[in-house]
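Structure first, commentary second.
Have a look at this one:
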């Protein structure tokens with residue numbers, strides 16, 4: 001089923017935030033929600049064999065904890081959003097591997113801004129891997145639910161821009177919110193210090209592709225309020241500031257180096273840590289699918 005929303009769920013307050021966001025999204029779209037829990041016990045069992053054993057066998061003990069955690073989450077979801085179908089899946093694998101694989105069957109994957117794992121500090125590697133390799137857009141929910149502000153899309157001149165803009169426009173339309181599109185060019189230094197870019201302006205030639213993409217969105221979504229800003233500022237700084245008061249910040253991810261998608265861009269990494277609102281990462285591969 002390609003229209004489902006998958007939530008990476010581990011029972012933490014951060015994954016509860018992710019579930020709450022996903023349920024709101026599902027209520028608007030009619031999509032079912034699937035909670036995916038990665039059971040890493042079989043992977044970690046050799047290291048844990050030295051610890052004192054509980055009354056139940058360790059494997060059964062872990063399974064019962066996971067089951068009760070997921071049952072509580074489903075019960076809460078049915079109370080707050082009774083019309084949203086919610087199912088659960090437990091996968092015996094590392095969290096990143098499980099979520100990337102399940103993303104093939106999803107329209108959207110939602111993660112908490114933090115989470116816990118049996119391996120200390122694993123969240124950073126999990127979130128980086130999932131946002132870089134997922135087969136669908138990924139939303140990382142940060143902090144409390146956002147105020148009813150705009151949906152912000154930070155674009156550049158890469159192949160990811162069209163897919164990002166469509167995703168952002170659809171999100172804004174569904175929320176009846178304005179769309180704020182930002183293209184930020186880093187300040188010019190060195191031998192180019194006397195050019196117009198160094199004075200804080202963007203030339204018409206530089207912004208022409210940006211204006212064309214925004215025009216397509218305005219024509220496609222005539223009822224959507226669109227604000228478009230082309231600025232000379234480091235993209236991470238401009239988008240972090242724009243995230244304050246926004247409902248959602250949409251950015252792109254593209255691969256660098258020999259293996260496409262191996263690394264998440266530095267701007268996206270910064271925003272996943274510092275954005276004041278949830279961040280959606282959309283891949284350039286989605287523009288070509």
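Residue numbers (UniProt numbering): 1 to 289. Idealized CB from N, CA, C, for every residue including glycine. From a predicted model like this one, the values you see are computed outputs, not experimental measurements.
Helix, strand or coil at residue i [DSSP, three-state]
{"i": "residue 35", "result": "strand"}
{"i": "residue 266", "result": "helix"}
{"i": "residue 119", "result": "The pLDDT assigned to residue 119 is 36, lower than 50, so where the model puts this residue is not dependable, and the model offers no usable value."}
{"i": "residue 216", "result": "helix"}
{"i": "residue 166", "result": "helix"}
{"i": "residue 13", "result": "helix"}
{"i": "residue 93", "result": "coil"}
{"i": "residue 275", "result": "coil"}
{"i": "residue 225", "result": "coil"}
{"i": "residue 232", "result": "strand"}
{"i": "residue 324", "result": "In the structure as shown, the chain begins at 1 and stops at 289. Residue 324 is therefore absent and cannot be evaluated."}
{"i": "residue 283", "result": "strand"}
{"i": "residue 88", "result": "strand"}
{"i": "residue 106", "result": "strand"}
{"i": "residue 83", "result": "coil"}
{"i": "residue 250", "result": "strand"}
{"i": "residue 7", "result": "strand"}
{"i": "residue 50", "result": "Confidence is the limiting factor: at residue 50 the pLDDT is only 46, short of 50, which leaves the residue's position unreliable, though a coordinate-based value still follows. In this structure, residue 50 counts as coil in the three-state DSSP scheme."}
Buried versus exposed call for residue i [16 or more other C-beta atoms within 10 Å across all chains shown]
{"i": "residue 131", "result": "buried"}
{"i": "residue 65", "result": "exposed"}
{"i": "residue 39", "result": "buried"}
{"i": "residue 67", "result": "exposed"}
{"i": "residue 30", "result": "exposed"}
{"i": "residue 35", "result": "buried"}
{"i": "residue 240", "result": "buried"}
{"i": "residue 247", "result": "buried"}
{"i": "residue 225", "result": "exposed"}
{"i": "residue 18", "result": "buried"}
{"i": "residue 235", "result": "buried"}
{"i": "residue 204", "result": "exposed"}
{"i": "residue 253", "result": "buried"}
Neighbourhood of residue i by C-beta, 6 Å cutoff - its chain only, sequence neighbours within 5 removed
{"i": "residue 276", "result": "243, 244"}
{"i": "residue 187", "result": "232"}
{"i": "residue 229", "result": "182"}
{"i": "residue 272", "result": "140, 279"}
{"i": "residue 11", "result": "69"}
{"i": "residue 104", "result": "135"}
{"i": "residue 126", "result": "95, 96"}
Close beta carbons around residue i, own chain, < 7 Å, minus the five adjacent residues each side
{"i": "residue 93", "result": "38"}
{"i": "residue 209", "result": "157"}
{"i": "residue 167", "result": "137, 250, 280, 282"}
{"i": "residue 73", "result": "9, 19, 35"}
Closer than 8 Å to chain B by CB, residue i
{"i": "residue 175", "result": "Considering every chain present, this structure includes no chain B. It has just one protein chain."}
Same chain, Cβ closer than 8 Å to residue i, five either side skipped, listed in chain order
{"i": "residue 28", "result": "174, 175"}
Legend entry - In chain order, each beta strand (DSSP E) run of at least 3 residues that lies wholly inside the segment 134-164: 138-141, 151-155, all fully within the segment 134-164.
Inset, instruction - Evaluate the contact criterion for the segment 159-166 versus the segment 209-218: three or more CB pairs, one atom per stretch, below 8 Å. - result: A contact is defined here as three or more CB-CB pairs under 8 Å, and the segment 159-166 meets this definition with respect to the segment 209-218.
Legend entry - Inter-stretch contact (C-beta, 8 Å, three-pair minimum) for the segment 12-27 and the segment 93-110: As far as the Cβ criterion goes, the segment 12-27 touches the segment 93-110, which means the pair count is three or higher.
Legend entry - Three or more C-beta pairs below 8 Å linking the segment 267-275 and the segment 171-182: Short answer: they don't touch.
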